[in-house]
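Residue numbers (the numbering used here): 17 to 321.
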């Protein structure tokens with residue numbers, strides 16, 4: 017039986033340092049959030065003071081960090097039961113849960129307040145909704161209850177382009193809504209690819225991820241099926257005339273590669289997580305895919321259009 021770290025008592029708890037507070041913010045996840053928000057801001061192609069732009073992106077980063085901290089505060093028991101998360105500050109016993117809660121709430125309130133005062137109210141409102149959605153809808157309500165957790169909860173990670181666009185323009189328009197849809201539909205195949213080769217972690221923690229509840233075969237099929245509407249959302253900005261040919265051609269090529277990898281996953285019969293190469297390839301490529309799609313979008317909108 018796999019051993020899990022035992023929570024330390026207040027007497028022998030190790031003191032948290034700045035690296036533990038940074039780990040609470042989930043820096044890897046924050047990188048993608050900040051990048052897509054910045055791309056949304058730049059793609060708007062409107063004049064914005066550099067200080068205002070920097071403040072807006074800073075607020076997105078702080079808000080994402082707050083959501084990550086509150087997620088870890090609430091899921092400390094799940095993190096302790098999973099090998100890949102057991103070394104986080106709370107399950108490892110380096111930080112008190114109350115400190116994580118106060119840090120997360122304070123960071124969330126500050127990020128929304130600063131966005132509202134320094135940028136605009138619409139961007140602040142969307143930022144607040146994104147934090148609440150991730151914490152209350154995904155973390156508290158969905159994750160432990162349904163295998164559709166990542167389908168609905170994926171909306172939380174899709175808000176950043178909307179926030180960036182709203183920060184620059186004070187409006188929500190068709191293009192950022194399509195970018196929201198792209199991330200929303202990208203999230204299930206991205207996370208289900210991961211969950212296929214870390215299935216035992218979720219099973220040990222009692223999290224009803226799709227491979228645990230429906231099995232690996234059904235999950236592989238769902239990975240491919242969800243990739244189809246994602247592909248439509250990816251090329252929609254070009255089809256609707258909102259972007260130029262650079263974005264269109266790149267979107268078609270990158271998305272075709274994504275579909276090919278998703279098809280390989282759907283056809284795989286491998287049961288050993290260590291040998292699930294198609295799943296690992298799709299997961300790795302999916303991260304590159306989203307970064308590349310948004311980077312090309314900005315180049316297309318700012319340089320070529």
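Each residue gets a CB set at the ideal place from its N, CA and C atoms; glycine is no exception. What you are looking at is a predicted structure, and each value in this text was computed from that prediction instead of being measured.
How many Å lie between residue i and residue j at the Cα?
i: residue 22; j: residue 123; result: Unreliable positioning characterises residue 22 in this predicted model, as indicated by a pLDDT of 41, which lies under 50. The coordinate reading is nonetheless provided below. Straight-line Cα distance between these residues: approximately 28 Å.
i: residue 24; j: residue 109; result: Reliability fails at residue 24, whose pLDDT of 44 lies under 50, so the model's placement of it is uncertain and the value that follows must be treated cautiously. Residue 24 and residue 109: Cα-Cα distance of roughly 5 Å.
i: residue 155; j: residue 91; result: 8 Å
i: residue 47; j: residue 74; result: 12 Å
i: residue 251; j: residue 132; result: 33 Å
i: residue 276; j: residue 236; result: 13 Å
i: residue 260; j: residue 150; result: 33 Å
i: residue 186; j: residue 137; result: 8 Å
i: residue 94; j: residue 222; result: 8 Å
i: residue 266; j: residue 206; result: 20 Å
i: residue 264; j: residue 79; result: 32 Å
i: residue 111; j: residue 283; result: 44 Å
i: residue 128; j: residue 253; result: 29 Å
i: residue 144; j: residue 86; result: 14 Å
i: residue 152; j: residue 204; result: 19 Å
i: residue 130; j: residue 160; result: 33 Å
i: residue 243; j: residue 146; result: 23 Å
i: residue 176; j: residue 32; result: 30 Å
i: residue 101; j: residue 43; result: 14 Å
i: residue 188; j: residue 289; result: 42 Å
i: residue 65; j: residue 126; result: 21 Å
i: residue 230; j: residue 167; result: 14 Å
i: residue 114; j: residue 197; result: 35 Å
i: residue 121; j: residue 148; result: 11 Å
i: residue 28; j: residue 224; result: Note that residue 28 scores 47 on pLDDT, short of 50, meaning its location in the model is unreliable; the coordinates nonetheless yield the value given after this. Distance between the alpha carbons of residue 28 and residue 224 is about 34 Å.
For residue i, tell me which candidate among the options has the shortest Cα-Cα distance.
i: residue 307; options: 38, 34, 37 and 45; result: 45
i: residue 241; options: 281, 225, 172 and 266; result: 281
i: residue 99; options: 217, 188 and 171; result: 217
i: residue 258; options: 293, 135, 140 and 191; result: 191
i: residue 269; options: 248, 286, 283 and 285; result: 248
i: residue 52; options: 105, 265, 193 and 279; result: 193
i: residue 292; options: 41, 211 and 302; result: 211
i: residue 318; options: 54, 284 and 86; result: 54
i: residue 295; options: 316, 119 and 232; result: 232
i: residue 271; options: 201, 171, 116 and 148; result: 201
i: residue 15; options: 81, 289, 278 and 285; result: Nothing can be reported for residue 15, as the shown portion of the chain is limited to 17 through 321.
i: residue 70; options: 103, 305 and 135; result: 135
What are the start and end residues of the alpha helix (DSSP H) that includes residue i?
i: residue 309; result: 293-315
i: residue 216; result: 215-221
i: residue 36; result: 34-40
i: residue 227; result: 226-230
i: residue 147; result: 137-148
i: residue 61; result: Neither: residue 61 is in no alpha helix (DSSP H) and is coded neither H nor E.
i: residue 177; result: 176-185
i: residue 154; result: From DSSP, residue 154 is part of no alpha helix (DSSP H); its letter is neither H nor E.
i: residue 112; result: Where residue 112 is concerned, there is no enclosing alpha helix (DSSP H), given that its DSSP letter is neither H nor E.
i: residue 265; result: 261-283
i: residue 97; result: 92-97
i: residue 169; result: 165-169
Since residue i contacts residue j with CB under 8 Å, what's their CB separation in whole angstroms?
i: residue 59; j: residue 314; result: 6 Å
i: residue 158; j: residue 169; result: 5 Å
i: residue 163; j: residue 246; result: With a Cβ gap of about 19 Å, residue 163 and residue 246 do not count as contacting.
i: residue 199; j: residue 173; result: 6 Å
i: residue 142; j: residue 182; result: 6 Å
i: residue 50; j: residue 76; result: 6 Å
i: residue 357; j: residue 228; result: Because the chain is modelled from 17 through 321, residue 357 falls outside the range shown and cannot be assessed.
i: residue 40; j: residue 119; result: 6 Å
i: residue 262; j: residue 312; result: 6 Å
i: residue 184; j: residue 57; result: 5 Å
i: residue 116; j: residue 107; result: The pair is not a contact, with the Cβ atoms about 11 Å apart (cut-off 8 Å).
Given that a residue counts as buried once 16 or more other Cβ atoms are within 10 Å of its Cβ, and exposed if not, what is residue i?
i: residue 88; result: buried
i: residue 208; result: buried
i: residue 309; result: buried
i: residue 214; result: buried
i: residue 63; result: exposed
i: residue 34; result: exposed
i: residue 400; result: With the chain covering 17 to 321 only, the question about residue 400 has no answer from this structure.
i: residue 238; result: buried
i: residue 18; result: With a pLDDT of 41 at residue 18, under the threshold of 50, the predicted position of this residue should be treated as unreliable, and no value is reported.
i: residue 4; result: This structure does not reach residue 4, given that the chain is present from 17 up to 321, and the question cannot be answered.
i: residue 105; result: buried
i: residue 195; result: buried
i: residue 255; result: exposed
Cβ-heavy atom distance between residue i and the ligand HEM below 8 Å?
i: residue 273; result: No copy of the ligand HEM appears in this structure; indeed no ligand is present at all.
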